[in-house]
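Numbering (my numbering), first residue to last: 2 to 761.
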């Protein structure tokens with residue numbers, strides 16, 4: 002279980018500013034800078050108006066490496082601080098706590114300068130209009146680029162001499178962005194053929210960007226973007242159903258190779274489990290070392306899907322590796338799941354400065370001292386060298402930061418190395434596992450990276466989903482499967498317990514039972530920020546997964562309630578689409594309809610899939626309403642789907658799902674606590690089929706029967722008519738027809754593995 006970060010105290014520090022009373026770990030990191038930081042809010046805005054000076058807005062997050070660099074170089078510098086304090090009102094924002102604020106100014110910087118990132122550095126007028134912006138600025142002029150001190154002087158001069166022009170330009174930029182990012186649909190319907198065309202176009206665009214040497218889509222730096230994997234898996238499934246097996250396999254091979262390259266690379270924490278944020282080189286070798294919760298949840302899910310298709314334990318092991326890391330290091334005492342771990346840490350106790358990757362990298366001599374006789378085997382397996390191993394690409398370590406150090410990477414197959422040593426593969430893997438355990442124990446004594454113990458609803462939703470789904474999908478592993486450290490090898494049902502505890506924490510601490518509204522995040526209490534679209538959409542998706550993979554009906558009921566509130570707060574009923582915010586905060590200048598499926602999927606993409614899933618569970622006007630909203634949402638983004646499908650891979654999947662005329666329903670009837678129903682649930686989820694809904698009902702539970710009688714009387718009737726006391730029963734329904742009831746999980750698996758197209 003994770004250890005929470007203690008709140009810092011101010012009595013031993015030379016400087017203390019207004020951030021000292023905040024809850025955000027990122028803001029607290031800056032509470033003792035000599036800069037007179039304000040948190041985002043009216044106090045700061047009023048100060049800027051009173052002094053008639055511009056605002057310097059700095060946005061980042063607590064595990065951001067370059068945010069730390071800029072803090073050390075500029076915000077801890079007394080001279081820079083004096084300049085900022087005298088001539089600007091300085092505001093710090095945690096992008097994870099206020100994604101709505103970040104979205105406004107990141108969009109501005111990206112639109113004007115063609116790129117963005119964190120730290121985000123933007124100068125604003127007192128009424129919050131952007132004047133100029135960028136990302137990381139070095140302290141001094143370098144390589145022909147102005148440093149932060151030069152930028153500050155130029156901004157001061159421009160404010161004194163060109164103020165009106167600057168403000169007019171910023172106002173115009175916001176007006177243009179507002180118009181572009183809140184577009185309305187000219188029809189509530191999608192043009193014929195658009196959905197399949199978008200799906201095919203996205204797959205083609207991704208295939209053209211595929212790296213056949215090292216896996217992944219695109220070039221270095223390489224970010225895991227799980228929505229790309231989701232698209233390729235979904236598209237391959239549709240091709241297979243259409244009888245195009247050869248083309249389907251081409252897409253699958255790209256997915257398999259990409260996931261294997263990532264798992265072998267240094268972006269994967271081989272010693273402790275989980276994945277780092279991204280790789281600076283093309284080989285997935287040297288990462289930026291922060292670990293983000295949203296990556297873990299999505300990567301675990303795509304590996305679960307891939308295991309469902311292949312039954313190859315390579316992929317189930319990756320999922321377990323991630324989930325076991327989360328259970329050990331990221332789950333709080335009440336079931337809450339924390340946000341991130343830092344890239345930087347001290348090399349030794351008491352060290353004045355932190356270094357990136359210090360917790361994760363190894364010297365060859367250190368490995369030898371720890372592992373003894375097995376050091377040679379381990380070093381060959383993970384390419385550990387006395388001179389350091391960050392030499393596989395010129396991009397891996399251009400500044401020699403890791404000289405003499407090793408980032409573990411697997412370059413050869415275990416079977417080949419085992420054969421070379423004359424060992425059975427199982428024995429070889431067992432030795433590697435024990436070596437990893439020894440290194441883990443030593444590593445655990447190093448100063449740990451900072452843990453951001455903020456609880457974010459949307460990110461918890463992504464991870465709740467993977468924990469819930471793993472509880473059934475991993476039952477497909479062979480009984481003879483052998484697990485080596487850091488994989489625990491627990492019964493998959495334990496993962497459902499993690500999912501339900503996390504969902505319960507959100508309900509207890511981040512949900513208002515009177516207003517039915519969510520808060521966005523929690524640390525020492527719920528944040529002031531309300532829930533955003535992503536919080537509702539990702540949590541609804543998670544709750545549907547918890548229910549479909551065996552959880553109680555209460556989770557499904559809560560999902561439907563949240564969907565109603567989401568529609569009330571965010572839906573543009575006239576123009577279509579969901580806004581990212583409620584729109585009641587005047588300090589947030591843009592209300593955006595987000596469509597980009599990036600490091601995280603867009604709230605609109607996830608919402609469409611949620612609506613399709615809900616529509617398949619209920620009947621009548623409720624079902625029709627869900628589907629109508631989903632199509633209207635997609636209609637808003639038809640240009641994006643037509644012209645830039647690669648930017649919206651999950652939305653392409655969602656659009657195709659909507660076009661499926663009859664979604665497959667698997668209805669399971671049985672006693673909730675019975676082994677028979679558990680086995681049926683495992684069978685129902687054994688094969689990959691994103692156009693499938695699993696409904697389970699216990700006819701002895703009157704509350705369940707009442708829910709289904711109200712929302713889908715057909716399900717209630719099936720439950721009453723198909724309930725032998727000693728068996729669980731399954732029915733597979735599609736195109737208004739249900740299969741004869743089956744009581745054998747193997748027969749259910751055979752029924753569901755039928756490759757008949759869902760469009761038949």
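The C-beta atom is built at its ideal place from N, Cα and C for all residues, glycine as well. Note that the structure is a prediction, hence the values are computed from the model and not measured.
Nearest to residue i (by Cα), restricted to the options the options
i	options	result
residue 262	529, 245, 215	215
residue 455	525, 649, 500, 490	525
residue 539	481, 573, 607	607
residue 688	746, 413, 742, 420	746
residue 497	246, 552, 580, 579	552
residue 60	23, 544, 122	122
residue 239	281, 196, 209, 264	196
residue 410	580, 264, 144	264
residue 319	330, 336, 300, 334	300
residue 35	62, 17, 418	17
residue 371	388, 428, 329, 444	444
residue 335	500, 733, 92, 100	500
residue 210	125, 354, 256	256
residue 137	165, 107, 130, 112	107
residue 307	22, 478, 545, 504	478
residue 513	502, 503, 527	527
residue 74	554, 382, 142, 601	142
residue 644	199, 162, 144, 90	199
residue 690	658, 51, 618	658
residue 186	633, 586, 651, 385	633
residue 436	718, 273, 228, 94	273
Bridge partners - residue i, DSSP secondary structure assignment
i	result
residue 363	407
residue 708	Answer is none; residue 708 lacks a bridge partner.
residue 281	Bridge partners of residue 281: none, in fact.
residue 457	522
residue 738	735
residue 269	276
residue 743	731
residue 527	523
residue 254	Looking at the DSSP assignment, residue 254 forms no beta bridge with any residue, so it has no partner.
Cα-Cα separation between residue i and residue j, rounded to whole angstroms
i	j	result
residue 14	residue 76	15 Å
residue 453	residue 279	18 Å
residue 133	residue 41	18 Å
residue 575	residue 630	11 Å
residue 237	residue 591	38 Å
residue 8	residue 242	Reliability of the predicted coordinates at residue 8 is poor, the pLDDT of 44 falling under 50, and no value is obtained from them.
residue 190	residue 201	20 Å
residue 327	residue 177	42 Å
residue 1	residue 613	What is shown of the chain runs 2 to 761, which leaves residue 1 out entirely.
residue 638	residue 367	54 Å
residue 221	residue 665	40 Å
residue 150	residue 28	22 Å
residue 642	residue 260	26 Å
residue 548	residue 668	13 Å
residue 739	residue 733	5 Å
residue 716	residue 333	38 Å
residue 655	residue 692	10 Å
residue 742	residue 285	48 Å
residue 314	residue 414	15 Å
residue 183	residue 254	38 Å
residue 90	residue 20	14 Å
Endpoints, beta strand (DSSP E) assigned at residue i
i	result
residue 59	56-61
residue 694	693-698
residue 748	Element bounds for residue 748: not the beta strand (DSSP E) but the alpha helix (DSSP H), 746-754.
residue 433	Note, residue 433: premise wrong, no beta strand (DSSP E); alpha helix (DSSP H) at 426-444.
residue 123	121-125
residue 80	Residue 80 -> not in any beta strand (DSSP E); alpha helix (DSSP H) instead, spanning 79-88.
Check: residue i C-beta below 7 Å from any heavy atom of the ligand ATP
i	result
residue 264	What this structure holds is no ligand at all, so the ligand ATP is not there to describe.
Start and end residues, alpha helix (DSSP H) containing residue i
i	result
residue 666	Premise fails: residue 666 lies in the beta strand (DSSP E), 665-670, not in any alpha helix (DSSP H).
residue 844	Only positions 2 to 761 of the chain appear in this structure, which leaves residue 844 out of reach.
residue 650	650-660
residue 557	554-571
Cutoff 8 Å: residue i Cβ touching any chain D Cβ
i	result
residue 510	The structure shown has no chain D; it contains just one protein chain.
Ordered list of alpha helix (DSSP H) runs contained in the segment 20-49, each at least 4 residues: 26-30
What are the complete beta strand (DSSP E) segments, minimum 3 residues, inside the segment 304-377? Taken in chain order, the unbroken stretches of beta strand (DSSP E) that lie wholly in the segment 304-377 and span 3 residues or more are 345-347, 355-357.
Report the start-end ranges of each alpha helix (DSSP H) in the segment 181-247 that is 4 residues or longer and not cut off at the edges. 195-209, 227-242
Which whole runs of the alpha helix (DSSP H) in the segment 120-178 are 4 residues long or more, in chain order? 149-162
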